[in-house]
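Comments concern the structure below.
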Amino acid sequence: MSAQLVIDVLLGLILVGLAAQVAIGQHLFRAIVFYVAFGLAMAVIWARLGAPDLALADAAIGAGLTGALMMVAFRRLVEIDPKQAQAQATRGSALAVVIAVLAAGMVATIGLTALMLEEQPGVAGLQVMATLEETGLGNPVTGVLLVFRGFDTLIEMTVLLTAFIGSRVMTTHSRLYVATLAGFQLPLVRTLVAVILPLASMVGIHLLWIGSDQPGGAFQAGSLLAGAGVLLLLTGTLLPASKSRALVRLTLVAGVSALCVLVLAPILRGQVAMAYLGRGSLLFAEALMMISIATTLTLLFAGRPSLKWGRT
Amino acid sequence: MIDMLALVFLISGCFFIFAGTMGMLRLPDVYCRLHALTKADNLGLLLICVALSLLGGRVRVALLLLLIWLLALLASTVSAHLIARHSRARQVSEGDNE
Amino acid sequence: MTSAVFVLVAAAIFGLGLHGLLVSTHIMRKLLALNLMLSALFLLLIVVPATIDGRPDPVPQALVLTGIVIAVSTTAFALALMVRLFRKQGHASIHPDIDPRLLRTRISSKAKNHASGDDR
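Residue numbers (this note's numbering), protein chains in the order written: chain B, 1 to 312; chain W, 1001 to 1098; chain D, 2001 to 2120.
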């Protein structure tokens, strides 16, 4: 038991060290890189705490995609004005340190008190585990996401779509820097794309399929495909296009629409809203969600409303 | 017995990755740092994958870890190549510690 | 015991993030600090609940998964806002009391910083 404690303490120290580099580091770009490393360390901690779905999702979305979005936004700042982009005066003040220490103390007190209370399993969790066999799913997290708390997932997909629409509204009239090396036709890069693209598609669909019974699911699969999309954008295989196409817009709203169908269809059959319709319906909704998540995140990286094929 | 072998592989893998990181921090030049990172880290990752597949015990685990190592190899190769090209294009000379 | 370690780690990261948020003037640093605080709270949300029949409680895990996706959505939108703000006003700071002419790059003009006295 003590070896596990040593490993946990080491992991905790690594995490705090990386967070310190992010928060108090000097150069902005270094802070972004350290944030990506922090996200990957968090993924390790999720795996250690017995949450493999979270580990997959945090590695893909929290570390990878957030890092990529921040790097491309930083690059856009540099393109507009290189000197001012990194200008940062920190207004160090003792009051801020005191507030931060008090906040940390508050969080620690809440956590430690909650740990010291008598272990009471959450009521919702007990109900979920009790009724999980009725849904036919093996992965309780997918069950909670899609069956037991399906409205949360519907609203989450709506938030993703709203963030995309908001970004488009903000940047419609600017000529944003597009992160593509369109002139880069190196054999190595072509090999990378030729290997990664089929592999990513296969692994993404695999994660979607086994998400019902094992760690996986629509979000992990969608963010994996978004990562592949970012790679395609960076190597010039996909190019951002200014003219918005109907197919792209359809894939953007597919996830929200599928979940709306899931919510409303039982009403047509006489049941209560979002009643369980069977594993097939869940898989259908998850597939459309995966496509939607992948397209939204790739377009957020691209900075344009649509994509088109470049010269491969 | 298998555990001891896996432990030996794990420790040597960690040593190589540590060496690669030390190289990245201490070597004078971006080109030298790329050497240290790609060569030492890939070898360290290979040793760690071998150790984990010994501990995993099943052929499926070993094949998946081999695939992971090959993907990491491909990614680090292409990244190092692109970084070196970019540095060359920006005419970063040898010995320029930046 | 391991849970107590992770609770302390989450508290430390939260404090660091809050400090970064209060102290920095650049919007992107504030975003990074906000994301740190979010990650710390997610960690707390997973570490504290009890297990159910030996398996971890699935409801907090689903909530944190939702939270991660919402964090990335919010960050993406905030980054778009930042780029637009930067283009409009020439610097990426939202503090009205800082004269933008005093903002200097830290790396290349450390000497100038010392001279103008805004380096703390």
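Every residue, glycine too, gets a C-beta built ideally from N, C-alpha and C.
Please read these numbers as outputs of a predicted model, since none were measured by experiment.
CB of residue i within 8 Å of CB of residue j, strictly
i: A2085/D; j: A96/B; result: Correcting the residue identity first, residue 2085/D is Leu in this sequence and not Ala. Taking 8 Å as the Cβ cut-off, L2085/D and A96/B do not qualify as a contacting pair.
i: G125/B; j: Q214/B; result: no
i: V16/B; j: V2009/D; result: yes
i: P198/B; j: D2057/D; result: no
i: L307/B; j: T153/B; result: no
i: A104/B; j: F2014/D; result: yes
i: Q220/B; j: A60/B; result: yes
i: L288/B; j: G255/B; result: yes
i: L2079/D; j: V22/B; result: no
i: R100/B; j: L2018/D; result: Just to set this straight, residue 100/B is Ala in the shown sequence, not Arg. Yes, these two residues count as a Cβ contact at 8 Å.
i: L2044/D; j: V107/B; result: yes
i: A302/B; j: L233/B; result: yes
i: L28/B; j: R2029/D; result: yes
i: L160/B; j: T251/B; result: no
i: V1078/W; j: L207/B; result: no
i: V2059/D; j: V33/B; result: no
i: L115/B; j: V2048/D; result: yes
Sequence-distant residues of its chain with Cβ nearer than 8 Å to residue i (five each side left out)
i: A19/B; result: F38
i: Q271/B; result: none
i: L300/B; result: L69, A163, F164 and S167
i: L277/B; result: L262, A265 and P266
i: I2068/D; result: F2042
i: S201/B; result: L225 and A228
i: F151/B; result: V263 and M274
Residue range of the beta strand (DSSP E) that includes residue i
i: L307/B; result: S306 to W309
i: L238/B; result: L238 to A241
Cβ separation of residue i and residue j, assumed to be a contact under 8 Å, to the nearest whole Å
i: T2025/D; j: H2095/D; result: 6 Å
i: F1016/W; j: L1065/W; result: Incorrect: roughly 16 Å between the Cβ atoms, too far for contact.
i: A1080/W; j: T1038/W; result: 5 Å
i: A1040/W; j: F1009/W; result: Rounded, the Cβ-Cβ distance is 15 Å, inconsistent with contact.
i: S2093/D; j: I2046/D; result: Their Cβ separation, rounded to whole angstroms, is 35 Å, which puts S2093/D and I2046/D out of contact at 8 Å.
i: G1013/W; j: G1044/W; result: 5 Å
i: T191/B; j: G310/B; result: T191/B to G310/B, Cβ: 17 Å. No contact.
i: I1083/W; j: L1025/W; result: Their Cβ separation, rounded to whole angstroms, is 16 Å, which puts I1083/W and L1025/W out of contact at 8 Å.
i: V2005/D; j: V9/B; result: 6 Å
i: L54/B; j: Q2061/D; result: 6 Å
i: V193/B; j: T131/B; result: About 45 Å separates the two Cβ atoms, so there is no contact after all.
Residue span of the alpha helix (DSSP H) that contains residue i, given as start and end
i: V9/B; result: S2 to I24
i: F151/B; result: G150 to T171
i: R1060/W; result: V1059 to A1089
i: Q120/B; result: Taken as a continuous stretch (DSSP letters only), Q120/B belongs to no alpha helix (DSSP H), as it is neither H nor E.
i: Q220/B; result: A218 to T235
i: T295/B; result: R279 to A302
i: T66/B; result: T66 to I80
i: P198/B; result: P187 to I210
i: S1012/W; result: I1002 to R1026
i: V1030/W; result: V1030 to H1035
i: M42/B; result: L28 to R48
i: S1053/W; result: D1041 to G1056
i: P52/B; result: P52 to A57
i: V272/B; result: Careful: V272/B lies outside any alpha helix (DSSP H) and carries neither H nor E.
i: V147/B; result: Counting along the chain, V147/B falls outside any alpha helix (DSSP H), and DSSP gives it neither H nor E.
Opposing strand residues paired with residue i [DSSP bridges]
i: S2093/D; result: H2026/D
Contacts around residue i, its chain only, beta-carbon distance under 7 Å, and the 5 residues preceding and following it disregarded
i: T142/B; result: G211, S212 and G217
i: K1073/W; result: Residue 1073/W is actually Leu in this sequence, not Lys. Hits under 7 Å: N1042.
i: S2039/D; result: I2013
i: A241/B; result: R304, S306, L307 and K308
i: D58/B; result: G39, M42, A43 and W46
i: T2075/D; result: L2031 and N2035
i: A1006/W; result: A1051, L1054 and L1055
i: G183/B; result: The pLDDT assigned to G183/B is 46, lower than 50, so where the model puts this residue is not dependable; a value taken from the coordinates is nonetheless given after this. Hits under 7 Å: none found.
i: V203/B; result: L224
Chain A contact for residue i (CB, 8 Å cutoff)
i: V123/B; result: The structure shown contains no chain A; its protein chains are B, W and D.
Sequence-distant residues of its chain with Cβ nearer than 6 Å to residue i (five each side left out)
i: L2016/D; result: none
i: L1063/W; result: none
i: A2071/D; result: L2038
i: G222/B; result: M290, I293 and A294
i: R245/B; result: S306
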